[in-house]
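In the working numbering, the protein residues as written are 206 to 335.
Okay, here's the thing in structure tokens:
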């Protein structure tokens, strides 16, 4: 089966499904198993429709040595093809715990080179004052 996004429906955010991406403006720290996975002052907050806000963290501020790329992939008609990483030290809880849109659609282009973490698969996603 061809999973190319070019053969799937593509949707543009609008009043019925709004998406905004803005600088978080706070320090964001992600921890798992007593280790810091990410620490940034350059996070982006993506708000999509009625979903909880998601912190997208620049790759440069993520300890990629603690992550392992997986074959898991999904598709979002608003954002594009999504790839995943597991948190190696977190066992089953850490499987596909991190996602990224490496070639996001134009409406969310700013999340390119960023990673997001499932809150229930890490110990904490902390928003701190600078």
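Quick reminder that beta carbons are idealized off the backbone N, C-alpha and C, glycines included.
Asked, Found
"Sequence-distant residues of its chain with Cβ nearer than 6 angstroms to residue 329 (five each side left out)", "236"
"Same chain only: Cβ atoms within 6 angstroms of residue 327, ignoring 5 sequence neighbours per side", "235 and 237"
"Range covered by the beta strand (DSSP E) that runs through residue 329", "329–333"
"Alpha-carbon spacing of residue 325 relative to residue 247, whole angstroms", "22 angstroms"
"Whole-Å CB distance - residue 313 paired with residue 217, under 8 angstroms assumed", "The pair is not a contact, with the Cβ atoms about 11 angstroms apart (cut-off 8 angstroms)."
"Same chain only: Cβ atoms within 6 angstroms of residue 242, ignoring 5 sequence neighbours per side", "235, 268 and 271"
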